[in-house]
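A.B. asks: Residues 85 to 646 (this note's numbering) make up the sequence shown, in order. Even for Gly, the Cβ is constructed at its ideal location relative to N, Cα and C. All values derive from a computational prediction rather than experimental measurement. The structure follows.
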Amino acid sequence: MKKIGLLIPFVFLLATEVSKAQEKRGLKLGEKIGKLTAKLMTSKTSNLGEAAVLVHHINGMHTMEARISGQEVYPEDFKEGDVAVAIFFSKAEGLGMLNIDGSVTSEGKELTSTGLGYYMIELEPDDLTPKTVNVETITGDKASFTIKPVPSVKIISVNGSTTNAQIDLSKDIELVLENGSGHEGSLLNVALVTDVAGARGFNYFASFRSTDKIVIPREAFSNPTISGSVNGVGNYNQGENYLIVERYVQAPTDKQSTAAAELQSRAYGSMKVNVSGKQQESVYGSTSVKGKIDNPAGVLNFAASKPNAATGAPFSQGSKFAVSSLSVRGVLFKQEVDESVSYGYNTKITTTTTTTYQFPKLPDAFWDQLLSNMYADIVTMFKEEFDIEMVPTEKLTASSYYKEFYPVKEKNTDELIVKTYKNTVNMQPTKIADIFGSVSTNMTSDRPIINLMKDADVDGLINVQMDLQIAGDNNDKIILIPRLNFFIQGREETYTNKDVQYGSGWVAASDGKPFSESEFNDINALNSIVRKDDMMNALRDAMARLREAEIERGYDKIWALK
Numbered sequence: 085m086k087k088i089g090l091l092i093p094f095v096f097l098l099a100t101e102v103s104k105a106q107e108k109r110g111l112k113l114g115e116k117i118g119k120l121t122a123k124l125m126t127s128k129t130s131n132l133g134e135a136a137v138l139v140h141h142i143n144g145m146h147t148m149e150a151r152i153s154g155q156e157v158y159p160e161d162f163k164e165g166d167v168a169v170a171i172f173f174s175k176a177e178g179l180g181m182l183n184i185d186g187s188v189t190s191e192g193k194e195l196t197s198t199g200l201g202y203y204m205i206e207l208e209p210d211d212l213t214p215k216t217v218n219v220e221t222i223t224g225d226k227a228s229f230t231i232k233p234v235p236s237v238k239i240i241s242v243n244g245s246t247t248n249a250q251i252d253l254s255k256d257i258e259l260v261l262e263n264g265s266g267h268e269g270s271l272l273n274v275a276l277v278t279d280v281a282g283a284r285g286f287n288y289f290a291s292f293r294s295t296d297k298i299v300i301p302r303e304a305f306s307n308p309t310i311s312g313s314v315n316g317v318g319n320y321n322q323g324e325n326y327l328i329v330e331r332y333v334q335a336p337t338d339k340q341s342t343a344a345a346e347l348q349s350r351a352y353g354s355m356k357v358n359v360s361g362k363q364q365e366s367v368y369g370s371t372s373v374k375g376k377i378d379n380p381a382g383v384l385n386f387a388a389s390k391p392n393a394a395t396g397a398p399f400s401q402g403s404k405f406a407v408s409s410l411s412v413r414g415v416l417f418k419q420e421v422d423e424s425v426s427y428g429y430n431t432k433i434t435t436t437t438t439t440t441y442q443f444p445k446l447p448d449a450f451w452d453q454l455l456s457n458m459y460a461d462i463v464t465m466f467k468e469e470f471d472i473e474m475v476p477t478e479k480l481t482a483s484s485y486y487k488e489f490y491p492v493k494e495k496n497t498d499e500l501i502v503k504t505y506k507n508t509v510n511m512q513p514t515k516i517a518d519i520f521g522s523v524s525t526n527m528t529s530d531r532p533i534i535n536l537m538k539d540a541d542v543d544g545l546i547n548v549q550m551d552l553q554i555a556g557d558n559n560d561k562i563i564l565i566p567r568l569n570f571f572i573q574g575r576e577e578t579y580t581n582k583d584v585q586y587g588s589g590w591v592a593a594s595d596g597k598p599f600s601e602s603e604f605n606d607i608n609a610l611n612s613i614v615r616k617d618d619m620m621n622a623l624r625d626a627m628a629r630l631r632e633a634e635i636e637r638g639y640d641k642i643w644a645l646k
């Protein structure tokens with residue numbers, strides 16, 4: 085089954101938990117809770133088949149003066165510019181970190197364990213040769229991973245200043261960098277320090293292709309990775325702060341006997357800065373739109389949203405999508421019972437009225453045709469609105485990774501209809517057991533949803549479900565009231581293959597449309613009855629409004645840096 089990655093920066097989580105120094109001077113509440121939680125979530129294993137593995141090389145550590153929660157996992161004498169290799173083990177299925185019942189070595193030397201699935205060894209400052217980490221458990225499971233360092237990065241100036249640089253959050257920021265040999269084509273991430281819930285972390289707000297000089301638009305400050313709806317969450321610390329530039333290169337590797345594995349190499353540049361001002365848009369976690377469409381057949385309301393630009397991709401980034409899930413589900417039978425009471429001389433009369441609503445049971449072909457028509461509308465919509473091509477759904481369903489998601493049990497009875505387009509499945513869990521089972525601490529990109537998109541060569545997946553509820557109109561005519569839900573997920577395919585979202589939302593009609601039995605002489609009869617055209621046009625409006633909002637908030641500017 086599909087696993088939803090638990091996006092917790094591993095150092096930020098792990099190091100916070102093992103800090104003996106912080107225990108001595110008193111942990112803040114957020115770190116105390118994190119410490120206890122991490123210990124409870126950590127177990128020992130000799131079976132590498134249950135482990136997701138991240139192998140890290142750090143060429144030039146960031147400043148220690150920022151006092152980021154968790155930096156205590158590093159050796160006591162670890163300092164800015166030092167070099168290290170590390171490996172992190174988490175559960176590929178379910179939640180938790182894993183300590184290895186066995187040995188973790190590099191060039192014959194044991195890596196130091198934090199006791200929370202994280203192992204590390206410090207290297208000589210000038211040792212930038214590839215390193216191999218060897219893992220062997222007491223039961224004989226083995227794995228070896230070789231990782232290469234990335235070119236160094238150094239901050240030369242910020243907004244023209246080489247020291248005491250000023251950053252005004254309401255203005256663009258200019259960076260001049262010194263990049264090591266071979267840096268071309270790699271990714272650079274930029275962050276400032278943020279305090280959240282008693283812990284401190286680097287809050288990344290921009291990513292761009294490596295270059296010696298870059299101007300980052302002010303809109304980026306409103307789109308950090310740490311954000312939320314709670315007031316103040318994600319705001320950068322004012323006054324003294326630290327600007328961090330991180331070079332990041334991710335590489336696949338043979339997972340061998342493990343469940344998943346990935347190589348992540350980093351290098352850091354740091355500079356003390358002074359932060360002032362306020363973002364034009366403040367910090368927000370998402371962008372949302374809503375609207376209402378007056379229609380002779382009944383009002384339609386819609387809403388759509390997407391995360392901020394850290395994980396919300398603008399539609400301008402899409403090129404090839406596929407419909408991964410398309411279904412119609414409806415309640416076709418309903419009875420309403422009303423009782424009325426009247427009184428006469430020494431009498432009480434109770435009258436019971438039963439009203440039955442029954443939609444005709446139709447052959448599967450009618451529902452299949454409705455779904456085919458909806459699919460055609462989706463293809464046209466995304467081509468005309470966003471110039472996005474649609475890869476045939478059959479290319480997805482033929483992939484072995486597609487089988488790891490959630491099958492839909494089709495029904496066509498007097499009371500219920502559940503039909504899918506070409507046997508598509510649910511991409512999101514709907515059952516309680518599946519929801520809990522889908523949560524995972526696998527932080528690699530080796531996951532079914534990413535593998536499926538890579539296998540089908542698409543950068544977005546469209547999921548649409550139409551729900552129908554039987555009712556009676558003002559004239560007691562039977563109607564089906566439609567509601568449409570959609571979710572569009574994707575991947576950042578150039579550097580990280582991380583999950584992104586293009587948008588999600590719904591369209592809801594206030595009324596259905598009455599019909600006559602003669603309409604069923606046409607295989608396309610359901611188009612009118614479920615107000616297919618009205619619903620799809622409202623979906624188009626929702627998408628267009630969302631596109632306007634993302635342009636206004638600078639999504640295109642931010643993503644164009646890459």
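Ala-406 CB to nearest chain B CB: under 8 Å?
C.D. replies: Any reference to chain B falls outside this structure, which holds one protein chain only.
A.B. asks: Which of helix, strand or coil does DSSP assign to Arg-615?
C.D. replies: Residue state, collapsed to three classes: coil.
A.B. asks: Is DSSP giving Lys-493 helix, strand or coil here?
C.D. replies: Looking at Lys-493 - three-state DSSP - the assignment turns out to be coil, as it is neither helix nor strand.
A.B. asks: To test your reading of the DSSP string, which unbroken alpha helix (DSSP H) runs of 4 or more residues are found completely within the stretch 562 to 639?
C.D. replies: Within the stretch 562 to 639, the complete alpha helix (DSSP H) runs of at least 4 residues are 609 to 613, 616 to 636.
A.B. asks: Tell me whether Asp-541 is buried or exposed, calling it buried when 16 or more other Cβ atoms sit within 10 Å of its Cβ.
C.D. replies: Answer is exposed; the Cβ neighbour count stays below 16.
A.B. asks: Start and end of the alpha helix (DSSP H) containing Ile-534?
C.D. replies: Looking at the DSSP string, the run of the alpha helix (DSSP H) that includes Ile-534 is 532 to 540.
A.B. asks: If distances are taken between C-alpha atoms only, which option among Leu-212, Leu-261, Val-357 comes closest to Val-277?
C.D. replies: Cα-wise, what sits closest to Val-277 is Val-357.
A.B. asks: If you draw a straight line from the alpha carbon of Glu-603 to that of Ile-533, how long is it in whole angstroms?
C.D. replies: Approximately 41 Å between the Cα atoms of the pair.
A.B. asks: Measure from the alpha carbon of Ala-343 to the alpha carbon of each residue in Ala-150, Ala-227, Val-407, then state which is nearest.
C.D. replies: The shortest Cα separation from Ala-343 among Ala-150, Ala-227, Val-407 belongs to Ala-227.
A.B. asks: In three-state DSSP terms, what is Val-234?
C.D. replies: Val-234 falls in the coil class under three-state DSSP.
A.B. asks: If we ignore side chains and look at the alpha-carbon of each, how far apart do Arg-302 and Pro-214 end up?
C.D. replies: Those two C-alpha atoms are separated by around 38 Å.
A.B. asks: Whose C-beta lies closer than 6 Å to the C-beta of Ala-393 among residues of the same chain, with five residues either side of it excluded?
C.D. replies: Contacts found: Asn-307, Tyr-639, Ile-642.
A.B. asks: Are Ile-205 and His-141 touching if we call contact CB-CB under 8 Å?
C.D. replies: Cβ distance not < 8 Å, so Ile-205 and His-141 don't count as in contact.
A.B. asks: Find out if the Cβ-Cβ distance for the pair Asp-296, Leu-272 is shorter than 8 Å.
C.D. replies: No.
A.B. asks: Contact defined as beta carbons within less than 8 Å: I believe Ala-351 pairs with Val-234. What is the distance between those atoms, to the nearest angstrom?
C.D. replies: Right, their Cβ atoms sit about 5 Å apart.
A.B. asks: Note down the Cα distance separating Arg-331 from Ala-304, rounded to an integer number of angstroms.
C.D. replies: Taking the straight line from one Cα to the other gives about 18 Å.
A.B. asks: In whole angstroms, give me the CA-to-CA distance for Lys-193 and Val-169.
C.D. replies: Computed Cα separation, rounded: 12 Å.
A.B. asks: On a CA-only basis, which of Thr-464, Glu-258, Asp-606, Phe-162 is nearest Leu-207? Give me that one, please.
C.D. replies: Answer by Cα proximity: Phe-162.
A.B. asks: Identify which residue in Glu-191, Val-139, Tyr-202 has its Cα closest to the Cα of Val-128.
C.D. replies: It should be pointed out that residue 128 corresponds to Lys in this sequence rather than to Val. Out of Glu-191, Val-139, Tyr-202, Tyr-202 has the C-alpha closest to the C-alpha of Lys-128.
A.B. asks: Whose C-alpha, out of Phe-599, Thr-497, Gly-318, Gly-353, is nearest the C-alpha of Thr-147?
C.D. replies: Among Phe-599, Thr-497, Gly-318, Gly-353, the Cα nearest to that of Thr-147 belongs to Gly-353.
A.B. asks: Would you list the residues sitting across from Ser-294 in a DSSP beta bridge?
C.D. replies: Paired residues: none, contrary to the question.
A.B. asks: Leaving out the 5 sequence neighbours to the left and right, which residues in its chain are closer than 6 Å to Lys-376 when beta-carbon positions are compared?
C.D. replies: Excluding sequence neighbours, Lys-376 sits near Asn-385.
A.B. asks: Tell me the residue span of the beta strand (DSSP E) that contains Thr-504.
C.D. replies: Per DSSP, Thr-504 belongs to the beta strand (DSSP E) from 500 to 504.
A.B. asks: Are the stretch 398 to 416 and the stretch 499 to 509 in contact at 8 Å, needing three or more beta carbon pairs?
C.D. replies: Contact holds: three or more Cβ-Cβ distances are below 8 Å.
A.B. asks: For the alpha helix (DSSP H) containing Ile-462, name the first residue and the last one.
C.D. replies: Note, Ile-462: alpha helix (DSSP H), 448 to 470.
A.B. asks: With distance defined between alpha-carbon atoms, name the residue in Asn-581, Ser-311, Val-415 nearest to Ser-370.
C.D. replies: For Ser-370, the nearest C-alpha among the options comes from Ser-311.
A.B. asks: Which term fits Ile-516, buried or exposed, when burial requires 16 or more other beta carbons within 10 angstroms of its beta carbon?
C.D. replies: Burial call: exposed.
A.B. asks: How would you label Ser-529, buried or exposed, when you count the other beta carbons within 10 angstroms and need 16 or more for buried?
C.D. replies: Label assigned to Ser-529: buried.
A.B. asks: Measuring alpha carbon to alpha carbon, tell me which of Glu-420, Thr-440, Asp-252 ends up nearest Val-359.
C.D. replies: Val-359 has its Cα closest to that of Asp-252, out of Glu-420, Thr-440, Asp-252.
A.B. asks: When DSSP labels each residue in this structure, what does Gly-133 get in the three-state scheme?
C.D. replies: Helix.
A.B. asks: Return helix, strand or coil for Val-383, following the three-state DSSP convention.
C.D. replies: Correct three-state label for Val-383: coil.
A.B. asks: What is the DSSP secondary structure of Tyr-485, reduced to helix, strand or coil?
C.D. replies: Residue state, collapsed to three classes: helix.
A.B. asks: Which same chain residues end up closer than 6 Å to Tyr-579 when comparing Cβ atoms and leaving out the 5 residues on each side of it in sequence?
C.D. replies: Within the same chain, Tyr-579 has close Cβ partners Leu-271.
A.B. asks: Tell whether a beta-carbon distance below 8 Å holds between Tyr-586 and Lys-390.
C.D. replies: Closer than 8 Å, so yes.
A.B. asks: Since Gln-453 and Ile-607 should fall inside the 8 Å C-beta cutoff, what is the C-beta to C-beta distance between them, to a whole number of angstroms?
C.D. replies: About 5 Å; that satisfies the 8 Å criterion.
A.B. asks: Indicate the three-state DSSP secondary structure (helix, strand or coil) for Ser-529 in the structure shown.
C.D. replies: The answer is coil: DSSP assigns Ser-529 none of H, G, I, E or B.
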